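Take a look at the structure below.
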Amino acid sequence: MMRIIDMYSFKYFVTIVYMLQTTEYQPIEFLKWYWRTNDFSRVMHRKQLERTKPAKLLLLILIIGSVLQIILGLLVVFLSPTTYGSIVGLAIILAYPAVWAHLIVIPLFFGRVFIINPKQKKLINESKHIFKEHTGIKIAIAGSYGKTSMKELLNTVLSPNKKVAMTPANKNVSISHAYFASKLKGDEDILLIEYGEGAPGDVPEFASITSPNMAIITGIAPAHLEKYPTLDDAAKDIFSLSQFVDSKDIYVNADSELALGYIASGQNRYDHKGVLGWKISDAKADITGTSFVMRKGKVVVKIKSGLLGLHNVGPLALCVALAHEFGLSKKQIEENIAKTKAFEHRMQPRPINGAWIIDDTYNGNIEGMKAGLGLLKSLKAKRKIYVTPGLVDQGVETENVHIEHGQAIAKAKPDRVILMDNSVTDFIKMGLDDAGYDNELQIIKDPLEFYTNIEHFLASGDIVLMQNDWTDNYN
Numbered sequence: 247m248m249r250i251i252d253m254y255s256f257k258y259f260v261t262i263v264y265m266l267q268t269t270e271y272q273p274i275e276f277l278k279w280y281w282r283t284n285d286f287s288r289v290m291h292r293k294q295l296e297r298t299k300p301a302k303l304l305l306l307i308l309i310i311g312s313v314l315q316i317i318l319g320l321l322v323v324f325l326s327p328t329t330y331g332s333i334v335g336l337a338i339i340l341a342y343p344a345v346w347a348h349l350i351v352i353p354l355f356f357g358r359v360f361i362i363n364p365k366q367k368k369l370i371n372e373s374k375h376i377f378k379e380h381t382g383i384k385i386a387i388a389g390s391y392g393k394t395s396m397k398e399l400l401n402t403v404l405s406p407n408k409k410v411a412m413t414p415a416n417k418n419v420s421i422s423h424a425y426f427a428s429k430l431k432g433d434e435d436i437l438l439i440e441y442g443e444g445a446p447g448d449v450p451e452f453a454s455i456t457s458p459n460m461a462i463i464t465g466i467a468p469a470h471l472e473k474y475p476t477l478d479d480a481a482k483d484i485f486s487l488s489q490f491v492d493s494k495d496i497y498v499n500a501d502s503e504l505a506l507g508y509i510a511s512g513q514n515r516y517d518h519k520g521v522l523g524w525k526i527s528d529a530k531a532d533i534t535g536t537s538f539v540m541r542k543g544k545v546v547v548k549i550k551s552g553l554l555g556l557h558n559v560g561p562l563a564l565c566v567a568l569a570h571e572f573g574l575s576k577k578q579i580e581e582n583i584a585k586t587k588a589f590e591h592r593m594q595p596r597p598i599n600g601a602w603i604i605d606d607t608y609n610g611n612i613e614g615m616k617a618g619l620g621l622l623k624s625l626k627a628k629r630k631i632y633v634t635p636g637l638v639d640q641g642v643e644t645e646n647v648h649i650e651h652g653q654a655i656a657k658a659k660p661d662r663v664i665l666m667d668n669s670v671t672d673f674i675k676m677g678l679d680d681a682g683y684d685n686e687l688q689i690i691k692d693p694l695e696f697y698t699n700i701e702h703f704l705a706s707g708d709i710v711l712m713q714n715d716w717t718d719n720y721n
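Numbering (our numbering), first residue to last: 247 to 721.
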């Protein structure tokens with residue numbers, strides 16, 4: 247009933263355009279979300295419509311189209327000599343919300359096929375030549391998780407002494423690579439190119455366009471599985487980089503257990519023990535950051551980073567090793583590593599009223615969840631609180647992953663677990679029960695209200711770890 251009532255509200259078409267905008271104007275993704283929505287009044291909950299030119303145009307089309315349909319219905323009602331005709335006219339009037347929510351995808355479809363796709367194809371073809379002719383070191387960064395963080399780390403460590411360009415934010419598909427290529431000067435020493443695998447064949451496509459001569463595989467975990475039939479298919483896609491890059495120039499995160507089975511002979515491993523002959527010792531982590539010592543022959547590098555958690559030791563060590571290979575001095579490496587700090591919403595600590603909040607809401611994979619929980623377990627606090635809605639895009643692994651997630655939470659032994667009420671909550675609870683969790687458990691119906699008022703239930707000495715966050719198109 248709420249669905250029907252909402253369809254005739256003044257905000258309905260604003261909501262429709264918001265849904266289109268959130269799904270990046272992908273007709274199929276929009277329609278899936280539309281069909282499963284039971285209450286349109288709750289869709290724009292975390293964010294609001296950004297009134298860009300495309301959004302305003304679509305909103306105008308929806309309003310004009312609906313007005314014309316209502317006029318047509320009224321004409322049928324008043325001009326029809328029969329009761330049947332009046333009923334048809336009334337049906338035309340009442341159907342306008344659903345009709346135009348579907349008709350609006352037609353211009354999007356044809357616009358993508360005849361305007362956007364040809365333009366993007368041209369840009370991508372041009373970028374192939376740019377990447378192929380570029381003389382800098384082109385580093386492809388792929389994996390189920392940790393790609394953006396690895397890219398940002400390398401940039402922080404290398405850019406003070408080398409000319410480095412990197413793909414912006416998490417813009418990691420072919421058209422993003424093409425836009426990136428169009429802005430290159432050609433004199434860069436190092437290019438950092440993030441690969442965002444989403445469907446079978448993505449990684450080979452990216453590699454054929456960007457011509458990498460070095461690659462980093464940050465790990466394998468159940469993530470982005472909506473279009474990959476299995477996790478094995480996703481892993482093979484990621485490791486297809488070996489078809490484009492020499493084994494000696496591929497670096498794989500050996501702390502990722504699921505990646506171990508795919509490492510080929512000659513490929514380099516990096517982990518919490520070391521990389522490229524460097525040995526790691528004295529690793530420590532607390533709420534202020536992570537420290538360790540690296541040794542290779544007579545060279546000793548003392549590392550202090552603002553990143554939280556021992557799971558960062560391997561990635562930091564790889565940055566040190568590559569910086570050394572690229573000619574940076576020990577002093578330069580230590581100074582640059584000291585500049586590294588938590589990225590926004592990625593294990594980002596924030597003090598509040600004597601308590602600490604660790605914001606890991608960008609996290610979207612089980613390995614990252616376990617790493618954060620490991621840190622939470624190791625930290626000292628009066629009270630430890632864990633907050634999560636669970637994970638998205640887990641495909642066929644959804645139930646298993648969330649049971650495993652629940653078990654990992656129980657192992658960390660937080661004093662209080664707070665779950666957001668959604669489609670995976672019961673699976674997490676199953677994992678908690680299986681592992682014998684017997685501390686406080688709370689289920690939240692309104693995540694936005696909870697996050698907005700989180701400081702109200704914190705006390706001095708508390709540590710809160712918040713992992714992952716669901717956008718409005720997930721439930």
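Here a beta-carbon is modelled for each residue, glycine too, at the ideal position from N, C-alpha and C. No experiment lies behind these values; they were computed from the predicted model shown.
Practice problem: Could you name the residues of the same chain whose beta carbon sits closer than 8 Å to that of residue 334, not counting the 5 residues immediately before and after it, in chain order? | Solution: On the sequence shown, position 88 is the one that residue 334 refers to. Excluding sequence neighbours, residue 334 sits near 322 and 326.
Considering Cα atoms alone, identify which of 600, 499 and 704 is closest to residue 392. Walking along the sequence shown from the start, residue 392 turns up at place 146. The option with the nearest alpha carbon to residue 392 is 499.
Which class does residue 325 belong to by DSSP, given the choice of helix, strand or coil? For this step, residue 325 is matched to residue 79 along the sequence shown. Secondary structure at residue 325: helix, using DSSP grouped into helix, strand and coil.
### Three-state secondary structure assigned by DSSP to residue 225
With the chain covering 247 to 721 only, the question about residue 225 has no answer from this structure.
query: Given 8 Å as the limit, is there contact between the stretch 509–527 and the stretch 474–484, that is, 3 or more CB pairs closer than that?
result: no
(Q) Less than 8 Å between C-beta atoms, sequence neighbours within five positions excluded: which residues of the same chain meet that for residue 571? (A) As a first step, residue 571 is located in the sequence shown; it is residue number 325 there, counting from the start. Hits under 8 Å: 522.
* Asked: Do the stretch 467–478 and the stretch 402–422 meet, that is, are 3 or more Cβ pairs less than 8 Å apart?
  -> no
Leaving out five residues before and five after residue 449 in sequence, what residues of the same chain have Cβ atoms less than 7 Å from its Cβ?
Sequence index remark: in the sequence shown, residue 449 carries index 203 (1-based). Correct list, in chain order: 388, 441, 443, 483, 484, 486 and 487.
- request: Give, in chain order, every unbroken run of the beta strand (DSSP E) that is at least 3 residues long and sits entirely within the stretch 403–455.
  value: 410–412 and 436–440
Practice problem: Could you say if the stretch 704–716 and the stretch 594–603 meet the contact criterion of at least three C-beta pairs nearer than 8 Å? | Solution: yes
Strictly by DSSP, which residues pair up with residue 514?
Your numbering for residue 514 matches position 268 in the sequence shown. Answer is 497, bridged to residue 514.
Check your understanding: Hey, quick one: how far does the beta strand (DSSP E) through residue 633 stretch, first residue to last?
Key -> Reading the sequence shown from its first residue, position 387 is the one you call residue 633. That run of the beta strand (DSSP E) goes 629–634.
With distances taken Cα to Cα, identify the nearest neighbour of residue 467 among 390, 352, 645 and 658. Taking the sequence shown and counting its residues from 1, the one referred to as residue 467 is at position 221. With distances taken between Cα atoms, residue 467 lies closest to 390.
### Query
Should the stretch 492–509 be regarded as contacting the stretch 659–674, the criterion being three or more beta carbon pairs within less than 8 Å?
Fewer than three Cβ pairs drawn from the stretch 492–509 and the stretch 659–674 lie within less than 8 Å of each other, which leaves the two stretches out of contact.
- Query: Tell me which same chain residues have a C-beta within less than 7 Å of the C-beta of residue 318, skipping the five on either side of it?
  - Reply: Counting from 1 along the sequence shown, the entry for residue 318 is found at position 72. Answer for residue 318: 338, listed in chain order.
Requested in this report: Output yes or no for whether 8 Å exceeds the beta carbon distance between residue 430 and residue 380.
Outcome: In the sequence shown, counting from the first residue as 1, residue 430 sits at position 184. In the sequence shown, counting from the first residue as 1, residue 380 sits at position 134. Contact flag set, yes.
Excluding the 5 residues preceding and the 5 following residue 514 in the sequence, name in chain order all residues of the same chain whose CB lies nearer than 6 Å to its CB. One-based indexing of the sequence shown puts residue 514 at position 268. Cβ within range, chain order: 497.
Query raised in the report: Rounded to the nearest angstrom, how far is the Cβ of residue 595 from that of residue 533, given a contact under 8 Å?
Result: Here residue 595 refers to the residue found at position 349 when the sequence shown is read from its first residue. Here residue 533 refers to the residue found at position 287 when the sequence shown is read from its first residue. Sure, about 6 Å apart at Cβ, within 8 Å.
Give me the Cβ distance between residue 639 and residue 461, rounded to the nearest whole Å; I'm assuming they're in contact under 8 Å.
-> As a working mapping, residue 639 is identified with position 393 in the sequence shown. As a working mapping, residue 461 is identified with position 215 in the sequence shown. No, residue 639 and residue 461 are not in contact; Cβ-Cβ is about 23 Å, not under 8 Å.
State buried or exposed for residue 314, treating a residue as buried only when at least 16 other CB atoms are found within 10 Å of its CB.
Mapped onto the sequence shown, residue 314 falls at position 68. Residue 314 is exposed by the Cβ-count criterion.
Q.
Taking the alpha-carbon of residue 568 as reference, which of 680, 490 and 385 has the nearest alpha-carbon?
A. Within the sequence shown, numbered from 1, the residue matching residue 568 stands at position 322. Among 680, 490 and 385, the Cα nearest to that of residue 568 belongs to 385.
May I ask you to report which of helix, strand or coil DSSP gives residue 509? Taking the sequence shown and counting its residues from 1, one reaches residue 509 at position 263. In this structure, residue 509 counts as coil in the three-state DSSP scheme.
**Message:** I need the DSSP call for residue 617, collapsed to helix, strand or coil.
**Reply:** Counting from one through the sequence shown, the residue named residue 617 turns up at place 371. It is helical.
Alpha carbon to alpha carbon, how far is residue 540 from residue 272? Give it in angstroms, no decimals.
In the sequence shown, the residue the question calls residue 272 occupies position 26. In the sequence shown, the residue the question calls residue 540 occupies position 294. Those two C-alpha atoms are separated by around 47 Å.
Output the residue ranges of the beta strand (DSSP E) runs that lie fully inside the stretch 658–690 and measure 3 residues or longer, sorted by chain position. 662–666 and 686–690
- Query: Looking only at its own chain, which residues have a Cβ that is under 7 Å from the Cβ of residue 645, when we skip the five neighbours before and after it?
  - Reply: By one-based count along the sequence shown, residue 645 stands at place 399. Counting only Cβ-Cβ distances below 7 Å, and skipping sequence neighbours, we find 673.
Starting from residue 585, follow the beta strand (DSSP E) in both directions and report where the run begins and ends.
-> Counting from 1 along the sequence shown, the entry for residue 585 is found at position 339. Looking at the DSSP string, residue 585 is not in any beta strand (DSSP E), and its letter there is neither H nor E.
Handout entry: From 662, 606, 670 and 612, residue whose alpha carbon lies closest to that of residue 635
Key = Sequence index remark: in the sequence shown, residue 635 carries index 389 (1-based). A check of alpha carbon separations from residue 635 across 662, 606, 670 and 612 identifies 670 as the nearest.
| Hey, residue 434 and residue 397: beta-carbon distance below 8 Å or not? | Taking the first residue of the sequence shown as position 1, residue 434 is located at position 188. Taking the first residue of the sequence shown as position 1, residue 397 is located at position 151. No, the pair does not count as a contact, with Cβ atoms beyond the cut-off.
Check for me: the beta strand (DSSP E) holding residue 540 runs from which residue to which?
The residue you call residue 540 lines up with position 294 of the sequence shown. Per DSSP, residue 540 belongs to the beta strand (DSSP E) from 535–542.
Check your understanding: According to the neighbour-count rule (16 or more other Cβ atoms, all chains shown, within 10 Å of its Cβ), is residue 694 buried or exposed?
Key -> One-based indexing of the sequence shown puts residue 694 at position 448. Exposed: under 16 other Cβ atoms inside 10 Å.
Look at the alpha carbon of residue 610 and the alpha carbon of residue 342, and state the distance between them as a whole number of angstroms. As a working mapping, residue 610 is identified with position 364 in the sequence shown. As a working mapping, residue 342 is identified with position 96 in the sequence shown. Distance between the alpha carbons of residue 610 and residue 342 is about 38 Å.
Problem - Contact set for residue 542: own chain, Cβ-Cβ below 6 Å, skip 5 residues either direction - result: Your numbering for residue 542 matches position 296 in the sequence shown. If we look at residue 542 and ignore the five residues flanking it on each side, its Cβ neighbours are 523 and 524.
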